[in-house]
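Student: Same order as they appear, the protein sequences are chains U and S.
Residue 507, in the working numbering, is where the first sequence stops; the numbers in between run on with no holes.
Residue 1094, in the working numbering, is where the second sequence stops; the numbers in between run on with no holes.
We put the CB at the ideal spot given by N, CA and C, even for glycine.
For clarity, every value in this text was computed on a predicted model and none was experimentally measured.
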Amino acid sequence: MALMAPEIMADPAIAAEVAHQVNPWVALAYLVAGVFFILALRGLSSPSTSRQGNRFGMVGMAIAVFTTMLLKAPVPEGAFLPEPTADDLATLVQILIAIALGGGIGFVIARRIQMTAMPQLVAAFHSLVGLAAVLVAMAAFLNPGAFDILGLDGNILTVSRIEMALGAAIGAITFSGSVIAFAKLNGNMSGAPIMLPARHVINLGTLILIIALTAIFAASEAAGPGENPLFWVIVALAFAIGFLLIIPIGGADMPVVVSMLNSYSGWAAAAMGFTLHNTAMIITGALVGASGAILSYIMCRAMNRSFISVIAGGFGADAGGGDAGAAKTDRPWKRGSAEDAAFLMKEAETVIIIPGYGMAVAQAQHVLREMADQLKEHGVNVKYAIHPVAGRMPGHMNVLLAEANVPYDEVFELEDINSEFAQADVAFIIGANDVVNPAAKTDKSSPIYGMPVFDVDKAKQVFFIKRSMGGVGYAGVDNDVFYMDQTMMLLSDAKKMVEEINKALAD
Amino acid sequence: MDFIAILSIFVMACFVGYYVVWSVTPALHTPLMAVTNAISSVIIVGALVAAAASESPAARWLGLAGIVLASVNIFGGFAVTERMLAMYKKKERK
């Protein structure tokens, strides 16, 4: 720096350029890492290429991490083997311990976690990405020199101040929002929406305040490392808003929330990528941000709800009480037994199974697959039909069925199988409710009107596993399928009922 | 690199992300979320930079903490994705 001509130091634009001089090989390595991340997602277009894709992701990550470590390693100009000082070695050891510690924890969790708990796990992981982004932004704020974002006038570059404030804010929202989502999914907190009075005013006001403070922070004269306390205010407000945004959202809207937080974690990474001028982070952030946004969109479409209405929260406030449905349950319905179900399904040509969150709760996926196996021995054609919002996160049911060794080519999406119900002999509903409710097609006053549903009412015979007639689905609406002539209600715990059917089939 | 160059990469990557993610089969949406979790932990790069710099002890500790968190995600995310993907099998044709 001392060698630099004074006129260069005076010009902030040139100073910014100088601050961001990057070794082209390093930039190239990060770009390659970014491309590997694109390939990782690309692999997921089919189960047969997906594992290769995951490996690409690991390679990309390894490239990014090793490049950074080499970059920061104390290699003297032209020397092949560096001669690190004791301090450098201590730092390296600390970093390796940190990686080993985190990696060990992550690895053990990944091994032990039950597949039904996947939504919680993903929410927990999101919170970590968010918190990591906040920590990096704080570190960049306190020590901008290390990130090459210190202008020659001793101030943090203005654009970097905007980026770090936004990155920290998005990261903080991701963190506290994900913690709440985790608590709701894991049952540490009731899934019921918690409604604060005037929450829309509070939330909107806080968001506007964060943006305004970011602008003030960027324009402020106090711009030295760690100098402006506004940064901490922004972070604190962002933590609060993440918490406030998620508490009014009910349990069954969690697929949207988890996807949305996934998106936020991506934008947080992208914002920090801007701060570090790191292409790997920017590409990844954009990919993850897009991924979460698209998943949120798919989930909203599958519920025929607008994104705004989900975020506004409060849906399903009367779920669990069952008052809405209880009024009508004096209508006649038929109760079936496991033996009835076994007998009728054995004789059937085609059985379509519709799993829902109840199956996950009862851990019934394994016995369900055994039932399908037995039916197949009797020459029955068994298929599974999965609604996009079945379960608590996108693709939740698919993973559970895969865990139970159900081949993925027997599992179909809504639009691919819905026309087949008219020819199906049996529709077997296990732990699902709203996704088979015909009111979504006919009753304009219903809260789920317009949501795409399975046409189970067209099947010749319907079996509906449900714990009792009292409760209604998450949306709190009664379901006409219960009272159809061809419906038999199998009232029991899902796992127990399927086990009994299996016994009856074996006899 | 100047801001516009970086912004260009970002905008292009958003488009790539859009098309790549739409091509992901819905059956793999859960693994998609797990693997996006893992790759967004590339934020570890920032934590490494902070942890390696000696000027500010506070920033170093923040960096080290960031490394721990991001590592949980990287190893956990890739491992759990691998575990899930290994379960997706085709029908055995006899």
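With H, G and I counted as helix, E and B as strand and the rest as coil, what does DSSP make of Met451(U)?
Tutor: For the purposes of this step, residue 451(U) is taken as the residue at position 451 of the first sequence. Met451(U) falls in the coil class under three-state DSSP.
Student: Could you check the C-alpha separation between Val518(U) and Met1012(S) for me, to the nearest Å?
Tutor: Here chain U has residues from 1 to 507 only, and residue 518(U) is not among them.
Student: Out of Ala165(U), Leu39(U), Val426(U), state which residue places its alpha-carbon closest to the alpha-carbon of Tyr1019(S).
Tutor: One-based indexing of the second sequence puts residue 1019(S) at position 19. Taking only the C-alpha atoms, the option nearest Tyr1019(S) is Leu39(U).
Student: Check the Cβ-Cβ distances between Ser259(U) and every residue of chain S, and say whether any is below 9 Å.
Tutor: The sequence position of residue 259(U) within the first sequence is 259, counting from 1. So yes, Ser259(U) belongs to the interface.
Student: Could you check the C-alpha separation between Gln94(U) and Met1084(S) for me, to the nearest Å?
Tutor: One-based indexing of the first sequence puts residue 94(U) at position 94. One-based indexing of the second sequence puts residue 1084(S) at position 84. Cα-Cα distance, rounded: 32 Å.
Student: For Val461(U), return the contacting residues in chain S, with the cut-off set at a CB-CB distance below 8 Å.
Tutor: Translated into positions along the first sequence, residue 461(U) becomes position 461. In the sequence as displayed, the identity of residue 461(U) is Gln instead of Val. Those do not exist, as Gln461(U) stays about 25 Å from chain S at its closest Cβ, beyond 8 Å.
Student: Compile a chain-ordered list of the residues in the stretch 391-418 of chain U whose CB is closer than 8 Å to at least one CB of chain S.
Tutor: Those would be Met393, Pro394, Gly395, His396, Asn398, Val399, Ala402, Glu403, Asn405, Pro407, Tyr408, Asp409, Glu410, Val411, Glu413, in chain order.
Student: Using the C-alpha atoms, what's the distance from Leu401(U) back to Ser1008(S)?
Tutor: If you number the second sequence from 1, residue 1008(S) lands on position 8. If you number the first sequence from 1, residue 401(U) lands on position 401. When rounded, the distance between both Cα atoms is 41 Å.
Student: Going by CA-CA distance only, name the one from Arg51(U), Gln52(U), Phe37(U), Leu71(U) that's closest to Trp508(U).
Tutor: A question about residue 508(U) goes unanswered here, because the residues of chain U that appear run from 1 up to 507.
Student: I need the boundaries of the beta strand (DSSP E) containing Leu490(U), first residue and last residue.
Tutor: Working through the first sequence from its first residue, we reach residue 490(U) at position 490. Unbroken beta strand (DSSP E) run through Leu490(U): 487-491.
Student: Would you say Ile95(U) lies against chain S (beta-carbon separation less than 9 Å)?
Tutor: For this step, residue 95(U) is matched to residue 95 along the first sequence. Answer yes: the Cβ-Cβ gap between Ile95(U) and chain S drops below 9 Å somewhere.
Student: With a threshold of 16 other CB atoms inside 10 Å of the CB of Leu261(U), please say whether the residue is buried or exposed.
Tutor: Position 261 of the first sequence, counted from the first residue, corresponds to residue 261(U). Under this definition Leu261(U) is a buried residue.
Student: With DSSP as the reference, label Arg335(U) as helix, strand or coil.
Tutor: Mapped onto the first sequence, residue 335(U) falls at position 335. Residue state, collapsed to three classes: strand.
Student: Taking a contact to mean a Cβ-Cβ separation below 9 Å, would you say Leu414(U) touches His387(U) in this structure?
Tutor: Sequence index remark: in the first sequence, residue 414(U) carries index 414 (1-based). Sequence index remark: in the first sequence, residue 387(U) carries index 387 (1-based). Taking 9 Å as the Cβ cut-off, Leu414(U) and His387(U) qualify as a contacting pair.
Student: For chain S, is any of its Cβ atoms less than 9 Å away from the one on Val380(U)?
Tutor: Working through the first sequence from its first residue, we reach residue 380(U) at position 380. No - not a single Cβ of chain S is within 9 Å of the one on Val380(U).
Student: Using only CA atoms, which one of Gly431(U), Asn502(U), Pro452(U) lies nearest to Lys441(U)?
Tutor: Within the first sequence, numbered from 1, the residue matching residue 441(U) stands at position 441. Of the candidates Gly431(U), Asn502(U), Pro452(U), the one whose C-alpha sits nearest the C-alpha of Lys441(U) is Pro452(U).
Student: Who does Thr516(U) pair with in a DSSP beta bridge?
Tutor: Only positions 1 to 507 of chain U appear in this structure, which leaves residue 516(U) out of reach.
Student: List, in order along the chain, the chain U residues whose C-beta lies closer than 7 Å to that of Ile1043(S)?
Tutor: The residue given as residue 1043(S) occupies position 43 in the second sequence. Per Cβ cutoff of 7 Å: Val129, Ala132, Ala133, Val136, Ala269, Met272, Met281.
Student: Cutting at 7 Å between CB atoms, please list the residues of its own chain near Pro1031(S), excluding the five before and the five after it.
Tutor: The residue labelled residue 1031(S) in the question sits at position 31 within the second sequence. Correct list, in chain order: Thr1081, Met1084, Leu1085.
Student: Measuring only the C-alpha atoms, how far is Ala404(U) from Met359(U)?
Tutor: Here residue 404(U) corresponds to residue number 404 of the first sequence, with the count starting at 1. Here residue 359(U) corresponds to residue number 359 of the first sequence, with the count starting at 1. Straight-line Cα distance between these residues: approximately 12 Å.
Student: Does Pro144(U) come out as helix, strand or coil in the three-state DSSP assignment?
Tutor: Residue numbering aside, residue 144(U) sits at position 144 when the first sequence is read from its first letter. Reduced to three states, the DSSP call for Pro144(U) is helix.
Student: What's the gap between the Cα of His366(U) and the Cα of Ala1038(S)?
Tutor: The sequence position of residue 366(U) within the first sequence is 366, counting from 1. The sequence position of residue 1038(S) within the second sequence is 38, counting from 1. Distance between the alpha carbons of His366(U) and Ala1038(S) is about 28 Å.
Student: What are the start and end residues of each continuous alpha helix (DSSP H) run of 4 or more residues lying completely inside the stretch 353-435 of chain U, in chain order?
Tutor: Listed in chain order, the complete alpha helix (DSSP H) runs (minimum 4 residues) inside the stretch 353-435 of chain U are 357-362, 365-377, 396-403, 414-417.
Student: So with Cβ pairs under 9 Å, would you call Val477(U) a contact of chain S?
Tutor: Sequence index remark: in the first sequence, residue 477(U) carries index 477 (1-based). So, not an interface residue.
Student: Would you mind working out which of Ile162(U), Ala362(U), Asn203(U), Thr174(U) sits nearest Lys496(U), comparing C-alpha positions?
Tutor: Position 496 of the first sequence holds residue 496(U). With distances taken between Cα atoms, Lys496(U) lies closest to Ala362(U).
Student: Rounded to whole angstroms, how far is the Cβ of Met489(U) from the Cβ of Lys334(U), which I believe are closer than 8 Å?
Tutor: Working through the first sequence from its first residue, we reach residue 489(U) at position 489. Working through the first sequence from its first residue, we reach residue 334(U) at position 334. Met489(U) to Lys334(U), Cβ: 7 Å. Contact.
Student: Quick check: is the beta carbon of Pro452(U) nearer than 9 Å to any beta carbon in chain S?
Tutor: By 1-based counting over the first sequence, the position of residue 452(U) is 452. No, Pro452(U) lies away from the interface with chain S (no Cβ there is under 9 Å from its Cβ).
Student: If we define contact as Cβ-Cβ less than 9 Å, is His126(U) a contact residue for chain S?
Tutor: The count along the first sequence starts at 1 and reaches residue 126(U) at position 126. Yes, because at least one Cβ of chain S sits closer than 9 Å to the Cβ of His126(U).
Student: Applying the 10 Å Cβ sphere with the 16-neighbour rule, what's the burial state of Pro1057(S)?
Tutor: The residue given as residue 1057(S) occupies position 57 in the second sequence. Exposed, by the Cβ-count rule.
Student: Express the C-alpha separation of Leu157(U) and Ile14(U) in angstroms, rounding to a whole number.
Tutor: Counting from 1 along the first sequence, the entry for residue 14(U) is found at position 14. Counting from 1 along the first sequence, the entry for residue 157(U) is found at position 157. The predicted position of Ile14(U) is uncertain, since its pLDDT is 48 and thus under 50; no value can be drawn from it.
Student: Please report how far the alpha carbon of Val122(U) lies from the alpha carbon of Val1035(S), in whole angstroms.
Tutor: As a working note, residue 122(U) is residue 122 in the first sequence. As a working note, residue 1035(S) is residue 35 in the second sequence. Each residue's Cα considered, the two are about 10 Å apart.
Student: Name the two residues that bound the continuous beta strand (DSSP E) containing Phe463(U).
Tutor: Stepping through the first sequence from its first residue, residue 463(U) is reached at position 463. Counting along the chain, the beta strand (DSSP E) containing Phe463(U) begins and ends at 461-466.
Student: Exposed or buried, which one is Arg111(U) when buried takes at least 16 other CB atoms within 10 Å?
Tutor: Taking the first residue of the first sequence as position 1, residue 111(U) is located at position 111. Its Cβ having fewer than 16 others within 10 Å, Arg111(U) is exposed.
Student: How about Pro255(U) and Val389(U): are their beta carbons less than 9 Å apart?
Tutor: As a first step, residue 255(U) is located in the first sequence; it is residue number 255 there, counting from the start. As a first step, residue 389(U) is located in the first sequence; it is residue number 389 there, counting from the start. Going by C-beta atoms, Pro255(U) is nearer than 9 Å to Val389(U).
Student: Where do the N-terminal and C-terminal ends of the alpha helix (DSSP H) with Ile1039(S) fall, by residue?
Tutor: Walking along the second sequence from the start, residue 1039(S) turns up at place 39. That run of the alpha helix (DSSP H) goes 1029-1040.
Student: Going by the CB atoms, is the gap between Ile234(U) and Leu543(U) shorter than 9 Å?
Tutor: Residue 543(U) lies beyond the residue range present for chain U, which begins at 1 and ends at 507; the question has no answer from this structure.
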